[in-house]
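Asker:
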Amino acid sequence: MGTTILVGILALVAGVALGFFIARKTMMNYLKKNPPINEQMIRMMMMQMGMTPSQKKINQMMKAMNNQFK
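Heads up, the sequence shown is in the working numbering, so the first residue is 907 and it goes up one at a time.
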């Protein structure tokens, strides 16, 4: 009786840990393939703020965001 409960608890802990790491890896791969913001979004955001976006500034912002995700 006692070993059955112990095995059940160990299986539950192992399942939660394994599920967490699999979900984390899957989410990281998804974000790498589909970044949450792209150049068009940055360009529109800068224009809404009244700035004239240059390609150099957009590239700097994209590089900063990519470095943040790594």
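Note that CB positions come from ideal geometry on N, CA and C, so glycine has one too. None of the values given here were measured: they were computed from a predicted structure.
Can you tell me where the alpha helix (DSSP H) holding M934 begins and where it ends?
Answerer: Per DSSP, M934 belongs to the alpha helix (DSSP H) from 908 to 939.
Asker: Comparing C-alpha positions only, which one of V913, T932, R949, G925 sits nearest to N965?
Answerer: Residue R949 is the option with its Cα nearest to N965.
Asker: With DSSP collapsed to three states, give me the class of I964.
Answerer: Residue state, collapsed to three classes: helix.
Asker: Alpha carbon to alpha carbon, what distance is there between I928 and I943?
Answerer: Distance between the alpha carbons of I943 and I928: 24 Å.
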